[in-house]
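> Residue numbers (this note's numbering): 47 to 619.
We treat Cβ as the ideally placed atom computed from N, Cα and C, and that holds for glycine.
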Ligand SMILES: Cc1ncc(C[n+]2csc(CCOP(=O)(O)OP(=O)(O)O)c2C)c(N)n1
């Protein structure tokens with residue numbers, strides 16, 4: 047069967063069971079947009095290519111399937127660099143197709159030419175320029191294989207216009223055989239036994255669960271290990287929901303804005319069992335002072351992670367789910383799974399939890415809303431499998447702290463890159479992937495202004511996401527740092543609460559919109575928003591600009607220096 051490269055490209059995506067792609071056409075990718083008309087694949091027309099990339103990520107986060115974006119060359123390709131970098135940092139499987147100028151024009155500074163593979167090399171797991179239409183099926187098949195296996199990540203395929211127009215004989219490769227790419231999924235048996243031995247010896251262990259648990263679909267297995275051994279679990283920003291917050295062994299989020307118990311339990315542990323986590327600087331604080339007495343078991347699919355930051359005593363390269371299953375077996379095989387008496391450790395943890403819970407000062411009558419209070423209402427009004435997406439800043443930290451995540455794949459955020467503007471498009475992608483679920487985006491006013499135009503996409507495509515703007519009139523997280531570390535010298539962080547008028551703006555984009563200024567209106571407005579299911583809805587919550595995120599480990603400080611409540615001075619920690 048003769049097909050054009052463009053037809054072969056779209057057919058290859060169909061062969062990969064792609065059900066939806068996010069994109070925006072233009073000159074170089076034009077040939078590929080024609081067969082989209084006849085394809086089974088739903089195309090969602092975005093308003094900015096960054097939106098397409100984050101939608102693909104949101105879709106991938108909640109479904110586990112690769113998200114797909116398709117855009118043209120030049121400025122469209124550069125517009126999608128941020129989502130590629132975001133997906134690379136957070137190991138999100140996406141496949142991005144970019145158009146390229148005609149192959150003979152490459153290198154001539156042709157109209158809308160950029161060196162897309164050059165620009166994206168360091169932010170993709172793999173990228174490739176296709177020079178022959180006959181190679182398209184193989185390259186697309188490989189792209190999906192690479193994006194979804196091993197440590198997942200973004201793959202970019204750049205296709206010149208003449209390659210899309212050329213004719214080829216259709217085929218579909220039966221299998222993928224990539225020399226030099228065979229991710230090692232099965233952990234080393236000797237190391238797994240050694241891990242079980244360290245666990246059996248440990249008096250103060252903590253499981254340090256990272257985003258890899260979710261990528262490996264290992265939440266169930268993690269729970270089995272935790273319950274078998276009675277070891278408490280911290281869930282990093284990328285792993286929220288990987289272990290239920292309501293579980294008695296759950297300690298919640300560690301790190302710069304983690305809770306006291308999670309941070310301090312890691313700090314004082316004698317064994318850290320790092321599962322799909324990467325010793326990120328936001329978790330470790332000053333590395334030299336991080337968990338000084340802990341032995342380390344480190345499980346990761348990516349060998350480059352082992353020893354990158356902290357030398358593990360027991361390094362295990364492998365798929366988290368498979369390795370944890372083997373660790374469970376090895377623990378059971380050792381004295382029938384008998385564990386030492388850890389009651390002193392458990393009591394210590396309970397004591398910290400009782401003494402240092404997450405708290406905030408309730409506002410006085412007539413004062414602006416407390417963002418944490420708004421989040422508590424949002425949380426308590428949503429079904430427990432509601433998907434929550436956030437932007438980047440204070441609102442992200444409060445959401446991670448105050449939401450209760452009891453199911454995997456219900457929390458979507460930009461952890462590694464910290465991309466402002468992530469929430470609205472990622473929420474749209476998440477809702478497309480899980481139309482059965484309620485999806486709330488919690489956004490900052492600064493973040494919202496970066497990608498809000500995708501609500502036009504949501505309205506046009508009838509994707510009923512909900513957006514809560516915690517409008518503190520500032521680039522809040524930067525304001526917090528200027529207040530704390532620059533003597534309250536506020537430099538270029540004020541945004542204004544009213545400019546733009548978020549209600550009018552949201553309405554202009556086809557959404558239903560509300561503004562909430564008084565505590566008594568919080569719940570009733572959330573109830574109204576939760577009832578709307580046929581279009582996007584936006585609530586502009588006017589929140590207290592002065593509110594800061596605590597606890598906090600100041601940048602560069604040791605986790606021992608965590609500040610819980612500065613109003614209580616030294617006693618507050
Ligand atoms: C694209 C991008 N630019 C700049 C930053 C730096 N930055 C981190 S948080 C933040 C403020 C975010 O403000 P807002 O969205 O209003 O959220 P808030 O912190 O007030 O909750 C900024 C500017 C970033 N993370 N991403």
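1. Just verifying my parser: in three-state terms, what is the DSSP assignment at residue 343?
2. Taking Cβ positions, are residue 406 and residue 418 nearer each other than 8 Å?
3. Given this structure, state the Cα-to-Cα distance separating residue 384 from residue 257, to the nearest angstrom.
4. Just verifying my parser: in three-state terms, what is the DSSP assignment at residue 425?
5. Using CA coordinates, which residue listed in 283, 343, 440 is at the minimum distance from residue 360?
6. Between 325, 281, 123, which has its C-alpha nearest residue 305's C-alpha?
7. DSSP three-state label for residue 484, please.
8. In three-state terms, what does DSSP make of residue 567?
9. Report the option in 164, 530, 322, 237 whose CA atom is closest to the CA atom of residue 260.
10. Go ahead and pull the three-state DSSP assignment for residue 88.
11. Given the structure, does residue 465 come close to ligand 1, in the sense that its CB is under 7 Å from one of the ligand's heavy atoms?
12. Give a single yes or no on whether residue 518 has its beta carbon closer than 7 Å to a heavy atom of ligand 1.
13. State yes or no: is the C-beta of residue 492 within less than 8 Å of the C-beta of residue 421?
14. Judging by CA-CA distance, which residue of 132, 516, 219 is the nearest neighbour of residue 59?
15. Under 8 Å Cβ to Cβ from residue 92, same chain only, skipping five residues before and after it: list those, please.
16. So does the region 163-175 actually touch the region 107-118, counting three or more Cβ pairs closer than 8 Å?
17. Going by the beta-carbon positions, is the gap between residue 54 and residue 112 smaller than 8 Å?
18. Would you call the CB atoms of residue 246 and residue 404 closer than 8 Å?
19. Output yes or no for whether 8 Å exceeds the beta carbon distance between residue 74 and residue 147.
20. I'd like to confirm the pairing. Which residues does DSSP put opposite residue 436 in its beta bridges?
21. For the beta strand (DSSP E) containing residue 561, list its first residue and its last residue.
22. Give me the residue from 476, 319, 586, 183 with the minimum Cα distance to residue 62.
23. Exposed or buried, residue 290, counting other C-beta atoms within 10 Å across all chains shown (16 or more means buried)?
24. How about the region 578-585 and the region 548-556: do they share at least three Cβ pairs that are nearer than 8 Å?
25. With DSSP as the reference, please indicate the residues paired to residue 254 in a beta bridge.
26. Is the beta carbon of residue 557 within less than 7 Å of some heavy atom of ligand 1?
27. Please list the terminal residues of the continuous beta strand (DSSP E) segment that includes residue 49.
28. In whole angstroms, give me the CA-to-CA distance for residue 619 and residue 478.
29. Can you tell me the Cα-Cα spacing of residue 265 and residue 288, whole angstroms?
30. Report all residues from its chain with a CB closer than 8 Å to the CB of residue 617; omit the five preceding and five following residues, and keep chain order.
31. Going straight from the alpha carbon of residue 567 to that of residue 224, what length do you get?
Taking the geometry as given:
1. strand
2. yes
3. 29 Å
4. helix
5. 343
6. 281
7. coil
8. helix
9. 322
10. strand
11. yes
12. yes
13. no
14. 219
15. 68, 69, 70, 98, 101, 471, 500, 503
16. no
17. no
18. no
19. yes
20. 488
21. 558-562
22. 183
23. buried
24. yes
25. 280, 320
26. no
27. 48-50
28. Because residue 619 sits at a pLDDT of 42, beneath the cut-off of 50, its placement in the model cannot be relied upon, and the point is left open.
29. 5 Å
30. Bear in mind that the predicted position of residue 617 carries a pLDDT of just 39, short of 50, making it unreliable; the figure below should be weighed with that in mind. Correct list: empty, nothing qualifies.
31. 58 Å
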